Structures are given as structure tokens and as C-alpha cells.
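In our numbering, the protein residues as written are 53 to 191. Quick reminder that beta carbons are idealized off the backbone N, C-alpha and C, glycines included. Every value quoted in this text rests on a predicted model; they were computed, and no experiment measured them.
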Amino acid sequence: MLVLGAMILCLVGCTSAVKIRGGADPTVMKLGDTYYSAESAGGIWVRAASSLEGLGAADVRREQAWSGDLSDVWAPEITTDLGRTFIHFSAGKDAAHRMYVISADSPLGQYSAAEKLALPDDQVCICHTDNPTPVLDSF
Numbered sequence: 053m054l055v056l057g058a059m060i061l062c063l064v065g066c067t068s069a070v071k072i073r074g075g076a077d078p079t080v081m082k083l084g085d086t087y088y089s090a091e092s093a094g095g096i097w098v099r100a101a102s103s104l105e106g107l108g109a110a111d112v113r114r115e116q117a118w119s120g121d122l123s124d125v126w127a128p129e130i131t132t133d134l135g136r137t138f139i140h141f142s143a144g145k146d147a148a149h150r151m152y153v154i155s156a157d158s159p160l161g162q163y164s165a166a167e168k169l170a171l172p173d174d175q176v177c178i179c180h181t182d183n184p185t186p187v188l189d190s191f
């Protein structure tokens, strides 16, 4: 769904393709006149630019939002609610993969420590080839 949203946003307001450099699993949101993206690359990073294309620039503002002792950090999703910024992500090794959230007063702000989300039955958040548990959409 996020990919579809980014594609629609790009079709509406972009004339060129954008590649966010040096990170995996980026998500994008626009807040006011600024575009923000969150990505995993040795932690979680947030970029800020005045245009969608600017998020892919070599000199884009890029701040580390979180780094910790969790392994295999995947698919951070940046959102806002009631004036606060949240980044949900999955992390953990194999069957220990779970959902976490960090939050801040602004997208480039100082983020809280990662908090594990209390999902029903402590479910894994991503399918594993050796685990028949379905993908859990906990957002």
C-alpha cells in the first residue's frame, strides 16, 4: 500500500524517477512543504528535502533516527499522528522478528528508544520460509 501511495504521489507531482541512495525499504511522507523518508541502513535514517526528487540527492539532509542492538531491521514506516512522528519497523533474527515503534516531536527530532509492540500471541511480523505464520499487518 505504501509503494502504491508513493507511486501515485510520484505520478501526480513528479516528472522524473527518484532513487533514494544508500538505504533499504524507504517510505515517504509530506508534512507541510517538506518531504521526509525513512529507511533502514545500519539503523533507521530520516531524510528531508523540499521536493520528492530532492530525497534522492547526494547532498540531502540525512539524520540517524535510531540505532540499537536489534538485528535485521526492515521496512521502517514513517507517519505522524496528533503532531508526533512515529516510525514503525520490524526487527529481530528469524522467528524472533517482531514489530517496534520509535517516536519524536518532529521527523528529524530526537527519537525515543525502540518499544516492542504488544501483538496478540506475540506474533512474528514477517513470514519466514520455515514458519507458516502469515504476514501481520499491525499498522
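With distances taken between CA atoms, Ala100 lies nearest to Asp85 out of Ser92, Gly94, Asp85 and Ala93. When DSSP reads this structure, Asp133 sits in a beta bridge with Arg136. Uninterrupted beta strand (DSSP E) stretches at least 3 residues long and entirely within the stretch 88 to 158 occur at 96 to 101, 113 to 118, 126 to 133, 136 to 143 and 150 to 156, given in chain order. With distances taken between CA atoms, Arg150 lies nearest to Asp174 out of Asp174, Gln116, Met81 and Ile130. Contact annotation, Gly95 with Trp118: C-beta distance approximately 6 Å; criterion of less than 8 Å satisfied.
Ser123 is classed as exposed because its beta carbon has fewer than 16 other beta carbons within 10 Å across all chains shown. Take the alpha-carbon of Met81 and the one of Ser142: they are about 19 Å apart. Counting the other CB atoms within 10 Å of its CB gives Pro172 a total below 16, which places it among the exposed residues. Here the alpha carbons of Ala109 and His140 stand approximately 25 Å from one another. Per the C-alpha coordinates, the member of Gly161, Ala170, Ala166 and Ala165 positioned closest to Glu115 is Gly161.
With respect to the C-alpha of Glu105, the residue from Ser89, Ala93 and Ala166 having the closest C-alpha is Ser89. Ranked by Cα distance from Tyr152, the options Lys168, Ser164, Asp146 and Val176 are led by Lys168. Distances from the CA of Ser102 to each of Arg113, Ala93 and Ser92 were compared; the closest alpha carbon is that of Arg113.
Within a 10 Å sphere around the beta-carbon of Ala147 sit fewer than 16 other beta-carbons, which makes this residue exposed.
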